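Following: one structure in structure tokens, then a few remarks.
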Amino acid sequence: MEKTTVRQLYRETSRYLNKPIQVSGWVRTVREAKNVGFIELNDGSFFKNLQIVFEEALPNFAEAARLGTGAAITVRGTLVESPGTKQPFELRATEIELEGPVAPEYPLQKKRHSFEFLRTIAHLRPRTNTFAAVFRLRSLLARAIHEFFQDRGFVYVHTPIITGSDCEGAGALFRVTTLDLTTPPRDEAGNPDYRQDFFGRPANLTVSGQLNVEAFCLAFRNVYTFGPTFRAENSNTPRHAAEFWMIEPEMAFADLRDDMDLAEEMVKYLIDYVLTRAPEEMEFFNDFIDRGLIERLRGILAADFVRLTYTEAVEILAKAGADFAYPVRWGADLQTEHERYLTERVFRRPVFVTDYPKEIKAFYMRQNDDGRTVAAMDLLVPGVGEIIGGSQREERYERLRDRMRELGMREEDYWWYLELRKYGGVKHAGFGLGFERALMYLTGMQNIRDVIPFPRTPGWLEF
RNA sequence: UCCCCGAUAGCUCAAUGGUAGAGCGCCCGGCUGUUAACCGGGUGGUUGUAGGUUAGAGUCCUACUCGGGGAGCCA
719 MEKTTVRQLY RETSRYLNKP IQVSGWVRTV REAKNVGFIE LNDGSFFKNL
769 QIVFEEALPN FAEAARLGTG AAITVRGTLV ESPGTKQPFE LRATEIELEG
819 PVAPEYPLQK KRHSFEFLRT IAHLRPRTNT FAAVFRLRSL LARAIHEFFQ
869 DRGFVYVHTP IITGSDCEGA GALFRVTTLD LTTPPRDEAG NPDYRQDFFG
919 RPANLTVSGQ LNVEAFCLAF RNVYTFGPTF RAENSNTPRH AAEFWMIEPE
969 MAFADLRDDM DLAEEMVKYL IDYVLTRAPE EMEFFNDFID RGLIERLRGI
1019 LAADFVRLTY TEAVEILAKA GADFAYPVRW GADLQTEHER YLTERVFRRP
1069 VFVTDYPKEI KAFYMRQNDD GRTVAAMDLL VPGVGEIIGG SQREERYERL
1119 RDRMRELGMR EEDYWWYLEL RKYGGVKHAG FGLGFERALM YLTGMQNIRD
1169 VIPFPRTPGW LEF
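Here's what the structure looks like:
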């Protein structure tokens, strides 16, 4: 008797129909009458369930009828066409073997649970429809990202998780130490003496792999990172987590236009990839999470992304006459309400905003000839907001050094980053894509905690 | 971190400052193919935590914890 998966049964039905097969999985629900019973079985291989039919002739009919939601079983029988309308076929069982019983207090019911409750049982929630779909899509999206870049010759670089620099000052840092925090060794000034710490200096978890990946960019030409990043900010929003994953491509001999071209091509590639490869999951998101999702994503495949400068954006917003809580003013960063207005009301599609004032952007962004803006770009998408932030990098040694001095940065901390500009430095550009934000955009899920298997947020480190 | 709202049975929610309830789940029974199956019965509580006000607190007050919405920071 052939061991099969539910995925195989759905994808190659004719091969298995009217043949004896064996499946193993977890019970989603049991319905029983006096002498016939039904089990919805999910084996983890496929989004949809397999209906098991068992009748009085089954030796352990009573035991099967008492199976609880969550129990693990192996079923042998024949796959037949189903007289019911909700499934094309079903497994007529000749044998049902209990692999793992389930205690009656199993918290997952067949009815809908709130996402807030399911977060408190993160070890069980992947067994629900929504999270099975979310995390299969997460896996698929990771693969799509690698395929996109590797197919285009990009080299995957593992940048360090532990760093000695605070990279661009992008947010609060998690300190990494082996010092005894109750009685740390002290230096002459009475501060903790990091010379005696593991690395002989302060160490932190990375907030970005960008600076490191630039070194590889200037060797391999086109590179990308894809890994975890950590921000110790006390951010309590549906879009922030303390631990998240980021994709950071970097291209040599490329300017801001090339950067936007890559970002647009990538976003469209990812949409097409998940629509093609996970149709059941996407249909589920469309029906139960975000009505209109698929139509919206298809529309984006066909649309050209809008590209406008920060200065143009400010003009549009100023003329809009909308009632903003924060006034629009050249020189101030765009507020969330401004970004949403642009992408959701004015253009109704993804929007690149470029050439921001240098004062509100990072030190490494390339200074424009106007002396007051830098070659930066943010990609704003309806529903999620900022999903990508990128720039052309400052490749001119003196300009970069002077900007760092203006900002009071310690050059010696960035000696190797500056050296990249001395030894064959070329124009180059890249961006950062929040992996979870992309996943939210593609699934319609509205809280980042619900697209991370075991999310870490301020005050929450369960599991 | 700031503003607003919330926390009651395993879950989702009711309860005028006056005896803590319902639906679902779970357990038992019934039902000839079910589809969130259905029908009947039963089970189920330190009302988030710690204080306070009151003759009396789920209800009012304070702090804290966690959650939701918004903002900031950003991906």
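Heads up, the first sequence is in the numbering used here, so the first residue is 719 and it goes up one at a time.
Glycine residues also receive a C-beta, built at the ideal position from the N, C-alpha and C atoms.
Predicted, not measured: the structure shown is a model, and the values here were computed from it.
Identify whether residue i lies in helix, strand or coil by the three-state DSSP scheme.
i     : result
R1139 : helix
H1146 : strand
G945  : strand
L1160 : helix
Y1082 : coil
Q726  : helix
K752  : coil
E1113 : coil
L899  : coil
E1180 : coil
P1045 : coil
G1107 : strand
Q827  : coil
K721  : strand
Counting C-beta neighbours from all protein chains within 10 Å, is the total for residue i 16 or more, i.e. buried, or is it exposed?
i     : result
K828  : exposed
K1079 : buried
T896  : exposed
I880  : exposed
K1076 : buried
L1118 : buried
Y824  : exposed
F916  : exposed
L1125 : exposed
D761  : buried
N909  : exposed
E781  : exposed
G802  : exposed
Y1159 : buried
M669  : Absent from the structure is residue 669, since the part of the chain shown begins at 719 and ends at 1181.
A996  : buried
Give the C-beta separation of residue i and residue j to the nearest angstrom, bearing in mind that I take them to be a contact with Cβ-Cβ under 8 Å.
i     : j     : result
V820  : T787  : 7 Å
V1064 : E1113 : In fact, because the Cβ distance is near 34 Å, the residues do not count as touching under 8 Å.
Y1059 : A1038 : 7 Å
V852  : T1161 : 6 Å
E982  : Q928  : 20 Å between Cβ atoms; not a contact.
M1163 : I1007 : 6 Å
V724  : G743  : 7 Å
V992  : T943  : Not confirmed; about 22 Å, so no contact.
G1017 : E1057 : The pair is not a contact, with the Cβ atoms about 19 Å apart (cut-off 8 Å).
For residue i and residue j, I'd like the C-alpha separation in whole angstroms.
i     : j     : result
I989  : L1019 : 7 Å
E1154 : R746  : 28 Å
T994  : A972  : 31 Å
E1180 : D1087 : 50 Å
R957  : L1011 : 19 Å
M984  : V1069 : 14 Å
V941  : Y1115 : 22 Å
F835  : D1168 : 11 Å
F866  : R784  : 48 Å
N1165 : F1172 : 13 Å
N753  : A811  : 13 Å
R919  : P878  : 16 Å
W1048 : F833  : 40 Å
R1111 : T1029 : 20 Å
I1170 : P822  : 28 Å
R975  : G1148 : 11 Å
V1046 : I1105 : 21 Å
Q1053 : R729  : 47 Å
F962  : I839  : 20 Å
W1178 : A860  : 25 Å
G795  : F772  : 10 Å
Going by the CB atoms, is the gap between residue j and residue i shorter than 8 Å?
i     : j     : result
M978  : M1083 : no
Q769  : Q726  : no
L855  : E999  : yes
E799  : L842  : no
A933  : L1097 : no
A950  : L858  : no
A1043 : D1073 : no
E968  : V1024 : no
R1184 : D898  : Missing from the structure shown is residue 1184; the chain here goes from 719 to 1181 and no further.
A790  : G818  : yes
S926  : T900  : no
G945  : A921  : no
N952  : P1100 : no
L809  : L826  : no
The ligand PLP and residue i: does the residue's C-beta get closer than 7 Å to at least one heavy atom of that ligand?
i    : result
L759 : No copy of the ligand PLP occurs in the structure displayed, which carries no ligand at all.
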